[in-house]
Amino acid sequence: MADVPTPVADAAGESPITFSSIPFWARPDALSAAADRVPTGASHVLVGVGESGAAQVNRWAEVIGHDVAVTRVVHVDADGAASGMRAAISRSVVGVRVLVAAPAGSALRLRALAVTAGLEDDEFDMVVVDAEPGGRTIDVFCSHCRTTNHVDAVVDDVISCRGCARSLLVYHHVSRRTGAYLGFMVDAELPRGDDIPQESTR
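0 is the number of the first residue of the sequence shown in numbering that gives the first Met the number 0; add one for each residue after it.
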């Protein structure tokens, strides 16, 4: 099989993120979604993380009204929201629609939960909301020791892996199954002595 070239920035300086597996709604330059748009469904599971997520859940519930069954799951963090969302999906029937309002890192984790639960892409929607202080964490999977790091970082930052202490570059690839970004040793392909990016202080 012929090698597939890796997309690179074009002459206009287009970011590799454009060609990446990062969902459009989780990208730094993403346009605001039509947050109050609610797809039709036999029932709805509304999931919110943090105060902004909870406020969005309330707006969705108002739009849906009382004619369709609605389950609300609101929590201060992604772990708590994931537990409630998992339980709600397990009780759902054909025709359910899942709507999630959360900071980007939490939304990626909850999308992964929806995917592994068997939902199709047209059965859930993600809306990214502003994170409260300390709520901008993303997951970064170390390709060397397989540790998942929970860190405050963005694509192209360099972090220290808590599992193997390697300096990891946060790469523009997100796993649909886990919601984690890929991290690999930042100087793995550089000759010894070359300058490398310094670890992020975020």
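Ideal Cβ placement from N, Cα and C applies to all residues, glycine included.
Can you tell me the Cα-Cα spacing of residue i and residue j, whole angstroms?
{"i": "R58", "j": "H43", "result": "13 Å"}
{"i": "A100", "j": "S20", "result": "20 Å"}
{"i": "Q55", "j": "A187", "result": "43 Å"}
{"i": "V185", "j": "I158", "result": "9 Å"}
{"i": "R135", "j": "V69", "result": "28 Å"}
{"i": "P4", "j": "S82", "result": "Only weak support is given to the placement of P4: the predicted model assigns it a pLDDT of 39, under 50, and the question is left unresolved by the model."}
{"i": "R26", "j": "D156", "result": "15 Å"}
{"i": "G162", "j": "M84", "result": "29 Å"}
{"i": "A86", "j": "V62", "result": "24 Å"}
{"i": "L167", "j": "V173", "result": "15 Å"}
{"i": "T177", "j": "A106", "result": "11 Å"}
{"i": "G182", "j": "G94", "result": "37 Å"}
{"i": "E122", "j": "R90", "result": "15 Å"}
{"i": "H149", "j": "A77", "result": "12 Å"}
{"i": "A80", "j": "V73", "result": "6 Å"}
{"i": "G47", "j": "D129", "result": "12 Å"}
{"i": "A41", "j": "V92", "result": "8 Å"}
Look up residue i in the DSSP assignment and give the residues it is bridged to.
{"i": "S166", "result": "S159"}
{"i": "N57", "result": "Its beta-bridge partners do not exist; DSSP assigns none."}
{"i": "A101", "result": "V127"}
{"i": "T177", "result": "DSSP, once it has assigned bridges, lists no residue as partnering T177."}
{"i": "G182", "result": "C141 and V169"}
The beta strand (DSSP E) with residue i in it runs from where to where?
{"i": "I21", "result": "First-last for I21: undefined, no H or E at that position."}
{"i": "V150", "result": "T147 to V150"}
Do the CB positions of residue i and residue j come within less than 9 Å of each other?
{"i": "D138", "j": "Y180", "result": "yes"}
{"i": "R71", "j": "L45", "result": "yes"}
{"i": "V127", "j": "P102", "result": "yes"}
{"i": "C160", "j": "H171", "result": "no"}
{"i": "V97", "j": "D66", "result": "no"}
{"i": "A111", "j": "R165", "result": "no"}
Helix, strand or coil: how does DSSP classify residue i here?
{"i": "R71", "result": "strand"}
{"i": "V62", "result": "helix"}
{"i": "L118", "result": "coil"}
{"i": "R135", "result": "coil"}
{"i": "S42", "result": "strand"}
{"i": "G47", "result": "strand"}
{"i": "R90", "result": "coil"}
{"i": "R96", "result": "strand"}
{"i": "A187", "result": "coil"}
{"i": "R85", "result": "helix"}
{"i": "R36", "result": "coil"}
{"i": "R26", "result": "coil"}
Counting only beta-carbon separations shorter than 9 Å, does residue i have a partner in chain B?
{"i": "V127", "result": "Protein chain content of the structure displayed is limited to a single chain, and chain B is not contained in it."}
Under DSSP, the alpha helix (DSSP H) around residue i begins and ends at which residues?
{"i": "S142", "result": "Looking at the DSSP string, S142 is not in any alpha helix (DSSP H), and its letter there is neither H nor E."}
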